[in-house]
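4 protein chains.
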Amino acid sequence: MQSNKELQLLVEKAKRFSKDGKVADYIPALGKEDGNDLAITIYKTDNSYFHAGNFEKKFTLQSISKVLSLALVLMDRGEDYVFQKVGMEPTGDPFNSIAKLETLKPSKPLNPMINAGALAVTNMIKGKDLTEKWERLIQFVRALANDQQITYNEEVARSEFETAHLNRALCFFMKQNNIIEGDVESLIDLYTKQCAIEMNCYDLARIGAVFALNGFDPDSGERLIPEHIVRICKTFMVTCGMYNASGEFAIKVGVPAKSGVSGGIFAVVPNRYGIGIFGPALDEKGNSIAGLKLLEMLANEFEFSIF
Amino acid sequence: MQSNKELQLLVEKAKRFSKDGKVADYIPALGKEDGNDLAITIYKTDNSYFHAGNFEKKFTLQSISKVLSLALVLMDRGEDYVFQKVGMEPTGDPFNSIAKLETLKPSKPLNPMINAGALAVTNMIKGKDLTEKWERLIQFVRALANDQQITYNEEVARSEFETAHLNRALCFFMKQNNIIEGDVESLIDLYTKQCAIEMNCYDLARIGAVFALNGFDPDSGERLIPEHIVRICKTFMVTCGMYNASGEFAIKVGVPAKSGVSGGIFAVVPNRYGIGIFGPALDEKGNSIAGLKLLEMLANEFEFSIF
Amino acid sequence: MQSNKELQLLVEKAKRFSKDGKVADYIPALGKEDGNDLAITIYKTDNSYFHAGNFEKKFTLQSISKVLSLALVLMDRGEDYVFQKVGMEPTGDPFNSIAKLETLKPSKPLNPMINAGALAVTNMIKGKDLTEKWERLIQFVRALANDQQITYNEEVARSEFETAHLNRALCFFMKQNNIIEGDVESLIDLYTKQCAIEMNCYDLARIGAVFALNGFDPDSGERLIPEHIVRICKTFMVTCGMYNASGEFAIKVGVPAKSGVSGGIFAVVPNRYGIGIFGPALDEKGNSIAGLKLLEMLANEFEFSIF
Amino acid sequence: MQSNKELQLLVEKAKRFSKDGKVADYIPALGKEDGNDLAITIYKTDNSYFHAGNFEKKFTLQSISKVLSLALVLMDRGEDYVFQKVGMEPTGDPFNSIAKLETLKPSKPLNPMINAGALAVTNMIKGKDLTEKWERLIQFVRALANDQQITYNEEVARSEFETAHLNRALCFFMKQNNIIEGDVESLIDLYTKQCAIEMNCYDLARIGAVFALNGFDPDSGERLIPEHIVRICKTFMVTCGMYNASGEFAIKVGVPAKSGVSGGIFAVVPNRYGIGIFGPALDEKGNSIAGLKLLEMLANEFEFSIF
C-alpha cells in the first residue's frame, strides 16, 4: 500500500455493502450510529500508518475486548489455570448460546470468545475488588494503545448492565457448575464496563501492532505481552474470533481478527500490520458487513492470509 | 382396603426397595433424612383415612408445590393469561433443563411442572409485594389442608436460596425473553419458600382429597378450586408430574401424581382418594423409589388407573 | 347425543376452522384431498352409531397406525421385551426428530408414537418374512374393524417409500445402536404399507369401540386385545398421541386419541365411544384442525374428559 | 533437524504416551494394530527427508482422506458449488454427530471435516458411475504421492461398509434435505473405499510436501492443485482437522493437520515440511496420542506454529 488515497478507494467500494447490514439496536446508544460509516486505520509495525474514513470516531469494543481480557488473564493466572475454566475449541453455536454448558460434561465454556467463556475469563482478572480489577484491565488496555485517555462509555455500560439478562443466566449457570465464583452482579458490572471500553480505529490498530509484533510495543520496543500469550490470543482469533462466521473468515481473509457488535473489527497481520475498523452496519452473524468486505479486498490485494 | 394393617403390609413390602435409592443431599437439611422411611396416608373422600408408617413426620413439598401454585395462579389470572407464559406440553428433558428455552421459538417453558415453568407460574401469583404473594399462597395451602399451622421450613428455604443458581439462570433467561418480569432475587425468595412448605402425609392426602373431589372441601363441602382448574392440574400431573418418568408412571400406576425431591408424592385417585406419601430415598430420576413401588402395588390391587 | 342431525350441526361449526389449516402435500396422493372435508363416526359400545359428513370416504391411517402396530407387538412380544427397545416418555421434540437418539444414553426412542419409536415397534412384528409380518398386521386390523376388505393404498405406500429418507436415517441410527435389526429397506417397506392402510371413519370408530371396551369386540363380545395392553395403548395416546400438541389436547379434550397427517383422528371415550374423524386440513403441528375443534366441542358438551 | 537419530530420540520419548491410548477396534482389521507403534516421515520441500520408526508400515487413511477428496472436489466443482452443500464453520460437536443437521436451518453439514460434510464432499466427486469416481480419486491420490501402487485395503473397506450405519443415517438425512443426491449405498461404497486408502508415512509425508509447496509437486515442480484450493484445505485442517481437539491443537502445535482413527496424522508445515505419522493408540477424541505428543515436541523445538 502506498497511500491513504489508495485505501480510501477500497473503503468507498466496501462501503456499498453497508446497505445490506443493520446497526445493532438492542440498546439505544448503539442504535444511534450511522450504518453508512466505514473507517480504518492500518498501523504498520514500523510505526507508520494509513487511514481512511472517520478514523478518529470512537466506538465501544464490545466483543473485541474479549481478546484483551484474555491476554491479561493469561498473564495473571497462567495457561493451566485459565484452561481449567474455559476450553479451547471452536463451536458451531451462536456466541450467546447456553445449550452446550448443559450438554457438555464437564460443563465448561467451549472457548474464551463466546460470551460464557469471556465472562469466565473476566471473572479471573486479578484484583482485591471490582475497582482494582477494572483498574488493572483499563491500565493494560491503555498501555497497549499507548493512550492514557482511554476509558469506557458510561451510557453504553449502564444500558448493557440493565439488559444483560442472558449474560446473567450464563453466569449463574456457570456458578452452579463452579466455573465462576463470587458475586454475579459485580462480574456483570465489570464485564459491561469492559465491553464499553471506547476507542477509535487508530487506537485499535495500534493495539493490533503490538500483537503483530508478538507482544512488543511498536514505539518503545518494550515487551507488553509474552510471546506465547500473543500466540494463544491470535490462535483463538483465527478459530473463533468472528462469531460463527470464523471458519468462513479464515478461508476468505485468513488472519487473526475479532469483531464486536458495535461494528468494530480488530485484525492482525503477523509481523506487518495492526488494523482497526469501524463499520456499524452488521451482517446477520453480528460482524461489520462493510468491514468484512474491506478486509477481504485488502487480504486479496496484499496477501494477508497466514494459510 | 379394609384396615391400616393391610396398608402396613404393603408399606413393609415397598420399603425394601429403599435400599436401591438415595436421599437427596444437595442441601444438608435434606440429606439428614433416613432413607429407610416410608409413610403414607390415604384420605377417602368420605373423610375416613388409612395410614401406615410415620405419617405425622413433616417434610418439605419441593416440586409438589408446583401443583398448588399452578392452581392458585390459574384462579388469579385465568387460563388464557397463564398459558401465554407457560406451555402445556410434556418434555423428554430433565426438570431443570435450560436447553429448550433456547431452541424453542418463541422461548417459553414447555409446562408448569418443570422448574422453568414453575418459576414462571410463581412469578404470576398476585400480590403487591413479596409478603402479600407469600401470604396468599400459604393461606391457599392452609385452606386446602384445613390446617392453619402449615408454614415453611426456614433452614431448607435459606439453604435452597443460597444455592439456587440454576433456577436463577432459568429466571434470567426467561426475563430476557419476557416470560417473567420483576426482580429475580425476590422471585427466587418466594419460590424457595414455596418449595420449603412443610407438612406431613396426612396434610398432603387431605389436599389430595380436595382434588379427588374436583375442588370441594371434603369436610365443609365448600368449593376451594373451580372444577376446570382442578382438571387442568390433574392433567399436568398425569402428563408431566413425575419428572421424566411421567410416561412410565402413567402406564404403571395411571393416576395424577406429583413428586418432590424431598421424597414426597402427592397422588389423586379421582372421586376416591387423596394420597400423601413420604419416602426420601430417590431413584435416579428424583422420585421416591419405595413410594413409587407402593403406589404401583396399590394401583394394581385396588384398580387406581384412570386409563 | 340424540341424532345424526345434532352431530351434523357441530360438524358445520367445526368445519369453519378448516380454512386456517393446510392439507399435507409432501406426497401428491395426500395433496389431492379437499381441505374443506370433515366427517365423523361415533360408534357407541352398544353397537349403535352416529355420523356426519362423508363418513364413508377412505383415508390412510398414517400415524394412527402406530397405535395398532403397538397393540400387536405388545401381544407378540410382551411388555418387557418391547420396552427394552422403546421408551415410555413423552417428548417435547417433533415426531420425526432424530436429536434425542443421539443425546440420550442409552440411545432409545422416547416412546412408540414418534417415528423412531414406531419404526422400532414395527420392526418387532412377528413373522418369518416381510409378507408374513404384513399379513399378520393387516389381519389384526381387519379383525379390529370387522372388515375383511381393508387393505393399503398402493399409490400412497409407493410414494412414501420413495421419499422416506428421514425414516431411513432414523432406522440406520437405531440399527447402529442395536434398537432395530434386519434389513432397513424391508422395514421401510412394511412401515410405509402400515401407514398407508386405508379405511373410513366408520371403520376407525369401530376399532375405537374395541378400545373403549378395553379390548372386547362390540359385536361378538370376543376379546381381541388383552385389557392391560389396551390400557397401555390408551395411556400413550393421552401422553403422546397428538404429536407435540398432546399436552394441550389432554387439557382441552382429555381422551386417548391419535392423529395422522392424512387428517384422521382416532379417539376413544372409555366405556362409551369409539370415534373416527377425517378432516385433511392440518394445523402447524400436523393435527386435523377442524377435527380437533370438533372433538373439543363434543368433549365440552358430552363431558368426555377422563381427568 | 540434522539427522534421523535426532528424530528417533523424539519418537522414543513420545512413544511412552501410547500406553494411555487405545487402538480403535470398531472393526477387527483396525484392532489388530500394535498400540505401541509410532512412525514418522518428515519430507522436506527440497525432497530430502527424515524418518523414524517403522515408516514403511501401511495404514488406512480414514478421516485423513477427507482433505484429499475435498481438494479433488474443489477442483472438480469450484468453491461456489461446493460451499452450497457444505459449510465452512468449525463445530463443538463430535465428528459423527447428526444433531446439527436437524437444528440448523438450512440443514447443511457445518464443515467438510466432520463425517456428514465429508460424505457430502465425496458425493460431489465427478464421474459417470462409481467406478469412474473411484478411479479419479485414487489417481489423484497416486499423483500426490507419486506412487502408482497406492490402492485401498479391501478387508477394511468391506468391514466398514458393513457397519457404517451411522454414516448411512447421515446420508439419508442429507438426502432428505437435498444436500446429497443419488444412491446412498453407492456413496457409502465409495466413501468406505476412500477411507480405506492405504499408504505409509513416507507416502503421506510426500503428499504433505505438495501442500507445503502450495500445490506443486516437489519432484517435477508441476502444479497438482491450484494454490487457492490448497489454502482452503489447510485452513480447514487448522480450524477442524483434529476432531473436537482442533482448537487445542492449533494452540499447542499450530499447523494444518488432519488425523484418522487408524492412528495416522497428516501435517503440513507451510513452505517447509510434509509430515506423515502413524501411531494407532488413540486418545478419547480419536487422535493418535503419541503422534500428537511427537508433533508438540517438534513444534516447540523447530517452531512450527503459523500463529
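Chains as they are written, first to last, in the working numbering: chain A, 57 to 363; chain B, 57 to 363; chain C, 57 to 363; chain D, 57 to 363. Glycine is no exception: its CB is placed at the ideal position from the N, C-alpha and C atoms. These numbers were taken from a predicted model, which means no experiment stands behind them.
Check, Outcome
"Proximal residues to valine 123(C) (C-beta, below 7 Å), its chain only, five neighbours per side dropped", "Cys289, Met293, Lys314, Phe322"
"Neighbour-count burial assignment, methionine 180(A), 16 or more Cβ in a 10 Å radius", "buried"
"Element boundaries [alpha helix (DSSP H), containing phenylalanine 292(C)]", "283–296"
"Cβ separation of lysine 182(A) and aspartate 132(A), assumed to be a contact under 8 Å, to the nearest whole Å", "4 Å"
"Arginine 224(A): contacting residues in chain B (beta-carbon distance under 7 Å)", "Phe228"
"Alpha-carbon spacing of lysine 100(A) relative to lysine 161(B), whole angstroms", "47 Å"
"Beta-carbon contacts of asparagine 300(A) that lie in its chain and below 8 Å, excluding the five residues immediately before and after", "Thr147, Gly148, Asp149, Pro150, Phe151, Lys341"
"Close Cβ partners of histidine 284(A) (< 6 Å) along its chain, the five nearest in sequence each way excluded", "none"
"Proximity test, Cβ basis, 8 Å: serine 215(B) and chain F", "Checking the listed chains, one finds no chain F in this structure; the protein chains it contains are A, B, C and D."
"Alpha-carbon spacing of alanine 201(C) relative to isoleucine 96(C), whole angstroms", "16 Å"
"Own chain partners of leucine 3(B) with C-beta closer than 8 Å, once the 5 adjacent residues on each side are dropped", "Nothing in the structure corresponds to residue 3(B), since chain B is present only between 57 and 363."
"In DSSP terms, what serine 74(B) is bridged to", "Paired residues: none, contrary to the question."
"Between the CA atoms of isoleucine 331(D) and alanine 265(D) - distance to the nearest angstrom", "8 Å"
"Cβ-heavy atom distance, lysine 88(B) to the ligand NAP, below 7 Å", "The ligand content of the structure shown is nil, which means the ligand NAP is not present either."
"Any C-beta of chain A under 8 Å from that of leucine 166(D)", "yes"
"Within 8 Å, strictly: CB atoms of alanine 70(B) and lysine 308(B)", "no"
"Reduced DSSP category for lysine 100(C) - H, G, I as helix; E, B as strand; rest coil", "strand"
"First and last residue of the uninterrupted alpha helix (DSSP H) at alanine 155(D)", "155–159"
"For isoleucine 263(A), the first and last residue of its enclosing alpha helix (DSSP H)", "257–268"
"Secondary structure of tyrosine 82(B), DSSP reduced to three states", "coil"
"Under 8 Å between C-beta atoms of cysteine 251(D) and glutamate 216(D)", "yes"
"6 Å CB neighbourhood of glutamate 89(D) in its chain, flanking five on each side removed", "Val79, Pro336"
"Close-in-space but distant-in-sequence residues of the same chain around lysine 249(C) (CB under 7 Å, 5 per side omitted)", "Trp190, Tyr208, Ala213"
"Continuous beta strand (DSSP E) stretch holding lysine 308(A): start and end", "From DSSP, lysine 308(A) is part of no beta strand (DSSP E) but of the alpha helix (DSSP H) over 302–308."
"Short-range partners of chain A found in the stretch 88–121 of chain B, where Cβ spacing is below 8 Å", "none"
"Bridge-paired residues (DSSP) for glycine 332(C)", "Thr97(C), Phe322(C)"
"Same chain only: Cβ atoms within 7 Å of phenylalanine 111(C), ignoring 5 sequence neighbours per side", "Ala95, Ile96, Thr97, Asn256, Cys257, Tyr258"
"Contacts that lysine 290(D) makes with chain A (C-beta to C-beta distance below 7 Å)", "Phe363"
"The stretch 166–177 of chain C in contact with the stretch 115–129 of chain C per 3-pair CB rule at 8 Å", "yes"
"C-beta neighbour in chain C for proline 282(B), strict 8 Å", "no"
"Where proline 84(D) falls, given that 16 or more other Cβ within 10 Å makes a residue buried", "exposed"
"Integer Cβ distance of glycine 303(D) from methionine 230(A), believed to fall under 8 Å", "That pair is no contact at about 19 Å."
"Whether asparagine 270(A) touches tyrosine 247(A) by CB criterion (8 Å)", "no"
"DSSP-derived helix/strand/coil call for glutamate 254(A)", "strand"
"Secondary structure of lysine 314(D), DSSP reduced to three states", "strand"
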